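Peer 1: Numbering-wise (numbering that gives the first Met the number 0), the sequence shown opens with residue 0 and increments by one. For every residue, glycine included, the Cβ atom is placed at its ideal position computed from N, Cα and C. Being a predicted model, the structure only gives us computed values, none of them experimental.
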Amino acid sequence: MKRIVSAPEFAHYPDDWHLSPVVDTGEFLFFSGQTGFHPGGFVDPDPERQFRDVFKFLKANLAAANLSLADVVEMTSYHVDMQQHMQTFLRIKDEYIFAPYPAWTAIGVSGLMTEGTLLEIRVIAQRRSAK
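Below is the structure:
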């Protein structure tokens with residue numbers, strides 16, 4: 000049986016965006032792509048702050064499912080202007096993601112859903128009791 004999970008600040012996503020922030024299947028949890036789009040309706044234009052917001056919002060949804068970044072087993076990141084911002088992203092990612100590292104794929108894209116968004120991260124996490 001699947002269960003929908005969300006941090007309180009993203010609880011409106013099913014109604015507003017017609018998506019589930021997190022789908023909990025028991026052993027694995029599937030997280031919709033997270034961007035730096037604030038619940039107040041804006042994206043920080045500074046890449047470094049925006050990338051930190053992405054991880055902050057991802058951590059909030061993980062916490063709502065009683066998980067942490069240590070439970071992430073796969074990560075896919077989508078980057079606008081990937082070559083221009085990759086060194087900044089790697090530095091910030093390394094503040095949040097530690098060994099043992101999840102599987103990771105980085106994909107360059109021409110744009111994302113909300114104007115000014117440079118990064119979207121999608122993850123799959125596994126409950127520790129199931130590992």
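Less than 6 Å between C-beta atoms, sequence neighbours within five positions excluded: which residues of the same chain meet that for V122?
Peer 2: Taking the first residue of the sequence shown as 1, we reach residue 122 at position 123. Same-chain partners within the cutoff: F30, V71, M74.
Peer 1: Tell me the DSSP secondary structure of H17 in three-state form.
Peer 2: Along the sequence shown, read from residue 1 onward, the residue named residue 17 stands at position 18. If DSSP states are grouped into helix, strand and coil, H17 belongs with coil.
Peer 1: On the DSSP bridge assignment, give the partners of L28 in chain order.
Peer 2: Along the sequence shown, read from residue 1 onward, the residue named residue 28 stands at position 29. BP columns for L28 point to D23, A124.
Peer 1: In terms of alpha-carbon separation, which member of F54, F56, D45 lies closest to Q83?
Peer 2: Here residue 83 corresponds to residue number 84 of the sequence shown, with the count starting at 1. For Q83, the nearest C-alpha among the options comes from D45.
Peer 1: Let me confirm a value: I106 is counted as buried when at least 16 other C-beta atoms fall within 10 Å, else exposed. Which label applies?
Peer 2: If you number the sequence shown from 1, residue 106 lands on position 107. The residue is exposed, with fewer than 16 neighbouring Cβ atoms inside 10 Å.
Peer 1: Which one or two residues does DSSP pair with D77 in a beta bridge?
Peer 2: Here residue 77 refers to the residue found at position 78 of the sequence shown. The question names Asp, but residue 77 is Tyr in the sequence shown. In the DSSP output, where bridge partners are listed per residue, Y77 has I106, E119.
Peer 1: In this structure, does DSSP put I96 in helix, strand or coil?
Peer 2: Mapped onto the sequence shown, residue 96 falls at position 97. Coil, per DSSP.
Peer 1: Just tell me which of M0, F36, G25, L28 has its CA closest to the CA of Y12.
Peer 2: Against the sequence shown, residue 12 aligns to sequence position 13. Considering only alpha carbons, the answer is F36.
Peer 1: From A69 to A63, what does the alpha carbon distance come to, in whole angstroms?
Peer 2: As a position in the sequence shown, residue 69 is number 70, starting the count at 1. As a position in the sequence shown, residue 63 is number 64, starting the count at 1. Each residue's alpha carbon lies about 14 Å from the other.
Peer 1: Below 7 Å CB to CB, which residues in the same chain sit around T87 once its five sequence neighbours on both sides are set aside?
Peer 2: Position 88 of the sequence shown, counted from the start, is the residue given in the question as residue 87. Answer for T87: P46, E47, F50, listed in chain order.
Peer 1: Alpha carbon to alpha carbon, what distance is there between Y100 and I91?
Peer 2: Numbered from 1 along the sequence shown, position 92 holds the residue referred to as residue 91. Numbered from 1 along the sequence shown, position 101 holds the residue referred to as residue 100. Computed Cα separation, rounded: 15 Å.
Peer 1: In the DSSP output, which residue or residues are listed as bridge partners for R2?
Peer 2: Position 3 of the sequence shown, counted from the start, is the residue given in the question as residue 2. Note: R2 sits in a beta bridge opposite D23.
Peer 1: Helix, strand or coil for F36 per DSSP?
Peer 2: In the sequence shown, counting from the first residue as 1, residue 36 sits at position 37. The answer is strand: DSSP assigns F36 an E or B state.
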